[in-house]
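The structure under discussion appears below in the form of C-alpha cells.
Number of protein chains: 2
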Amino acid sequence: MNEFEFIESIKQPTYHQRGLIKGIGDDAAVFRESTEDIVTAVDTFVEGIHFSKATLDPYYIGYKVLAANVSDMAAMGAIPCYYLVSIVCPKAYPSDYYAMIFQGMRDFASRYKMDVIGGDTVSGNELSISVTVVGTVCQGKARYRHQAEQGDIVFVTGTLGDSQAGLHILENQLDVKNRSHFIQKHQRPEPRVQFAKDMKNIKRLALNDISDGIASEVNEIAQSSYVAIKLMASDLPTSPSLDQFPQHLKQKWVLYGGEDFELVGTVSESDWEAVERAAAQSKISVTQIGYVRNKDTSDHYVYLVEDDHFTPLYKEGYTHLK
Amino acid sequence: MNEFEFIESIKQPTYHQRGLIKGIGDDAAVFRESTEDIVTAVDTFVEGIHFSKATLDPYYIGYKVLAANVSDMAAMGAIPCYYLVSIVCPKAYPSDYYAMIFQGMRDFASRYKMDVIGGDTVSGNELSISVTVVGTVCQGKARYRHQAEQGDIVFVTGTLGDSQAGLHILENQLDVKNRSHFIQKHQRPEPRVQFAKDMKNIKRLALNDISDGIASEVNEIAQSSYVAIKLMASDLPTSPSLDQFPQHLKQKWVLYGGEDFELVGTVSESDWEAVERAAAQSKISVTQIGYVRNKDTSDHYVYLVEDDHFTPLYKEGYTHLK
C-alpha cells in the first residue's frame, strides 16, 4: 500500500460537519466557521512511550489517541469537529494493523460526528501517531487555566488513578476485582465533552483535563492563575476497588497517574450548583476536592491537606522528555 | 529539558495574527476567523526518509518542513497564518539541535507572519516532525485539483528538478557549476504563496504544488478533473546548469524529482495573461508546459509529448510507503 492508497483508505464516504467544504483529497482541507471561535491542539503518541503492543490493541491505540486529543477540546469547553492524522508506519507491521488503528479512531470520531479531513503517512522505524484536532466554542467562551480566583471551589469529574491501575493490571497480567473496569478506563477513556458543554452558561471557569495526573494539572491552573490551591487528600475521588492495590501505588496513581482524561476545574461558590447540575445532566460524578486562595510569594502553588497537615504538591506527572 | 520547558521555549513572546485569541499555554489554541474560509493540512518529515543529517542541517530541517506545509497552502490559494508542531526527539541529540530546528521554523514563519500556536514533544528513537498548518482564503476561492477543463493551458512556476540535483550534490559531495543554487533549492525551498495570492481574481484555476514530482502532481489534477493532460517535454523549464548532469538523471529529476515546491496549474486560455501578470508581480517565472483535453475512456490521464510521440506519463513520484 502506498501513500496515495492509504489516504484513500481513510477518506470518509460522507462527512458530518456542515461547515466542511473540502475534506481529504486535495493539498489541504477547507472549512468555514463564521460564528464560533476555533480551537485546535496537537498530540503525539509513540509506541513504547505512550502505549505498547502488550497493553493496547491497535484498535484502542487509534481510539485512545483521538480521545486524548478530544479531551483537550473538553478542557477548553469546545466541541470537537475535525481531525488530521499523521502516522509513521514501520514496515514490520501488517497493513491490517494500521487499518485497525484507523477503525478505532473512526469509531470514536463517529460518536462525536467528527470528520477526518487530513492525513499523512510515512514509513519509518518507530510507530508514532500525531493527531491535530479542531473544534469550536461560542465566541469568547473558551475555558482557560488562568481563570481561577480566590474563594473558588476546586472540583474533579469521575475517579482518579483508574487508568494507571488498568495499565498495571495489563502489564502484570493480574486477576483482580473489577479488572475490566480498570482496563476499560485505560484503553477507552471517555473525554468529558458533554459535561464541559453543559457548563456553558457559567460565566467564569478554570478548566484542565487530566492527561498528566492531577498534581500536574492543578499546578498548571494555580501557576497560570497565580493562586494557591489546597486539595483535601481525603476528598480525592477513587473507585472503591482501587483499595485492593498497595497504598503506595494507589497514592501514586491518584496524584500522578496520567491519562484519566477527567476534568479538573475551579468555579466560584455561587456557581458550584450549576456544576453539579451539569454533571447530573451528562450522567457523570463531580466532586469538590479543594479550594483556591490568594497566593503569597512564600506560598507554594498547590498543597495537599491531610489531617491538618499541608504538604506542597509538585507537578510530578508524566513529562515525556525527562 | 522536559516537555513543559520545551513548550515554553517555542512559545512566541508576541503574536502576529490579529485573529489569535490564545496561543501556546493552555490545553489548546483559540482563534477567530469570521470572514474567510479556513484551510488546513498536515505533513510529517522522518529522518532517513525525508532528510538526513548529512544533507540537511537542523536549521534547514525546521525551515524546510514548514516550507513544505506552507506550499500546500499556496496550492490552495491560501495565506498561511498558524502552525502546530509535534516532534519526536531521540535522546541522543543535544537540546541545541532541537533549538536549531525551531529557529529554522521560526525564521521561515516570521517572513509570513505565521504564529506557532501548539506543540507536542515526546521522546522516541527516531526523529520525526509533524507540522499542521492553518491558513485562510477568501470565501469560496480555494483552488482545487478538480478544476481543470478542456482547452486549459497547463503552466508551472520556476524550474524543475533543482531540489533533487541539490540532494545529489550533497550526497555525493560534488563540486559542480552553480552548486549553491541547487543546494539552496533543496534546503530552502520558496513556496509560491504570493503568486497564488496574486492570481486571486482568476475565476477558475486548478492548482497543485510539486512535492512529489510533476508527473505525479499533473496526474492528480488530471484524475481529479477527469481530463487528459499533454505535457510538452521540450517546454518543461529547467535551470541551464542542470545540463551538466547525465541525461538520465536530469530526466528523472525533472519528471519525478520531488520537493521543488513550485506550483503547477491549469487555466483557461483567456486567463493565461492574468497568470503571467501575477508571476511578474511576484517576480517569478511561469511557463506554459502543456494543454488539457477531454478524456476518452481509452486515454491515459497524462502524456509526455516529444517530437510528436505521445508517451503515457505515470504517477511515479515519491510514495513513501512503497
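One line per chain: the protein sequences are A and B, in this order.
Using this note's numbering, the first residue of the first sequence is number 4, and each one after it goes up by one.
Using this note's numbering, the first residue of the second sequence is number 4, and each one after it goes up by one.
Ideal Cβ placement from N, Cα and C applies to all residues, glycine included.
Source: prediction; values computed, not measured.
Residues near residue i in its chain [Cβ-Cβ closer than 7 Å; skip 5 each side]
i, result
"S214 (chain A)", "A71, S74, G261, E262 and F264"
"A168 (chain A)", "F185, L245, F248 and W256"
"F198 (chain A)", "T160, L266, A281, A282, S285 and I287"
"Y229 (chain A)", "K298"
"D302 (chain A)", "A231"
"V295 (chain A)", "A151, E152, Q153, G154, D155, V157, V230, I232 and T269"
"Q15 (chain B)", "G26, D118 and V119"
"F9 (chain B)", "T124"
"V33 (chain A)", "I24 and K25"
Residues near residue i by beta carbon distance below 6 Å, same chain, minus five either side
i, result
"H19 (chain A)", "K116 and D118"
"P194 (chain A)", "A70, V73, S74, A77 and F264"
"D178 (chain A)", "none"
"D201 (chain B)", "A281, Q284 and S285"
"V305 (chain B)", "V221, N222, A225, I232 and L316"
"V196 (chain A)", "A77"
"Y100 (chain B)", "P61"
"Y259 (chain B)", "G216, A218, E319 and G320"
"L173 (chain B)", "T58"
"E309 (chain A)", "A236"
"G127 (chain A)", "V91"
"V45 (chain A)", "T135"
Interface partners of residue i on chain A, CB under 9 Å
i, result
"N211 (chain B)", "D29 and D30"
"V159 (chain B)", "Per Cβ cutoff of 9 Å: no residues; V159 (chain B) is ~15 Å from chain A at best."
"V270 (chain B)", "Under the 9 Å cutoff, chain A gives no residues; its nearest Cβ is about 17 Å from V270 (chain B)."
In DSSP terms, what residue i is bridged to
i, result
"A209 (chain A)", "A:Y147 and A:T269"
"L245 (chain B)", "BP columns for L245 (chain B) are empty, so no partner."
"L252 (chain B)", "Beta-bridge pairing links L252 (chain B) to no other residue."
"K25 (chain A)", "A:V33"
"G169 (chain A)", "For G169 (chain A), which the question treats as bridged, DSSP gives no partner whatsoever."
"K116 (chain A)", "DSSP lists no partner for K116 (chain A)."
"P315 (chain A)", "A:Y306"
"G138 (chain B)", "B:V42 and B:P83"
"V179 (chain B)", "V179 (chain B) is not bridged to any residue."
"D123 (chain B)", "B:S89"
"S133 (chain B)", "B:T47 and B:S89"
"F158 (chain A)", "A:G268 and A:Q291"
"L239 (chain B)", "Note: L239 (chain B) sits in no beta bridge, so no partner."
"K233 (chain A)", "A:Y294 and A:Y306"
Chain-ordered neighbours of residue i on chain A, where CB pairs are closer than 8 Å
i, result
"M79 (chain B)", "D29, D30, A31 and V33"
"K25 (chain B)", "A145 and Y147"
"V295 (chain B)", "Result: empty, since nearest Cβ-Cβ is about 18 Å, beyond 8 Å."
Chain B residues whose Cβ lies nearer than 9 Å to that of residue i
i, result
"G122 (chain A)", "V45"
"N128 (chain A)", "V49, G51, N128 and E129"
"V179 (chain A)", "Those do not exist, as V179 (chain A) stays about 30 Å from chain B at its closest Cβ, beyond 9 Å."
Chain-ordered neighbours of residue i on chain B, where CB pairs are closer than 8 Å
i, result
"I41 (chain A)", "V33, F34, R35, E36 and I41"
"Q142 (chain A)", "R35"
"V305 (chain A)", "Those within 8 Å of V305 (chain A) in chain B number zero; the least Cβ separation is about 15 Å."
"V196 (chain A)", "Going along chain B, no residue has its Cβ under 8 Å from V196 (chain A), so there is no contact; the nearest lies around 13 Å."
Chain-ordered chain A contacts of residue i [CB-CB under 7 Å]
i, result
"D75 (chain B)", "D30 and A31"
"V119 (chain B)", "What V119 (chain B) touches in chain A: nothing, since even the nearest Cβ is about 11 Å away."
"V308 (chain B)", "Within chain A, no residue comes near V308 (chain B); the closest Cβ sits about 25 Å away, beyond 7 Å."
"V68 (chain B)", "Ordered by position in chain A, no residue passes the 7 Å Cβ test against V68 (chain B), which lies about 11 Å from the chain."
Partner residues on chain B for residue i, Cβ-Cβ distance less than 7 Å
i, result
"L87 (chain A)", "T43, V45 and T135"
"V257 (chain A)", "By Cβ distance, chain B contributes nothing, its closest Cβ being about 21 Å from V257 (chain A), past 7 Å."
"V230 (chain A)", "Result: empty, since nearest Cβ-Cβ is about 16 Å, beyond 7 Å."
Close-in-space but distant-in-sequence residues of the same chain around residue i (CB under 8 Å, 5 per side omitted)
i, result
"L324 (chain A)", "Because L324 (chain A) sits at a pLDDT of 40, beneath the cut-off of 50, its placement in the model cannot be relied upon, and the following sentence gives the value as read from the coordinates. There are no such residues."
"P3 (chain B)", "This structure leaves residue 3 (chain B) out entirely; chain B is present only between 4 and 325."
"Y66 (chain B)", "G107, M108, D110, F111, Q190 and R191"
Cβ pair count under 8 Å reaching 3, the segment 239-252 of chain B against the segment 202-209 of chain B: no
Length at least 3, wholly inside the segment 185-231 of chain B: the beta strand (DSSP E) runs in chain order: 209-212
Alpha helix (DSSP H) runs wholly inside the segment 263-311 of chain A, at least 4 long, in chain order: 275-284
Beta strand (DSSP E) segments (min. 3 residues) lying fully within the segment 33-101 of chain B: 39-49 and 82-93
Three or more C-beta pairs below 8 Å linking the segment 134-152 of chain A and the segment 36-48 of chain A: yes
At least 3 beta-carbon pairs within less than 8 Å: the segment 77-91 of chain B vs the segment 117-131 of chain B: yes
Three-pair Cβ contact test at 8 Å for the segment 87-97 of chain B versus the segment 121-137 of chain B: yes
Touching by the beta-carbon criterion (3+ pairs, under 8 Å), the segment 268-276 of chain A and the segment 149-160 of chain A: yes
contact_flag[the segment 155-163 of chain A, the segment 289-309 of chain A] where n(CB pairs < 8 Å) is 3 or more: yes
Sufficient close CB pairs (3 or more, under 8 Å) joining the segment 48-62 of chain B to the segment 51-68 of chain A: no
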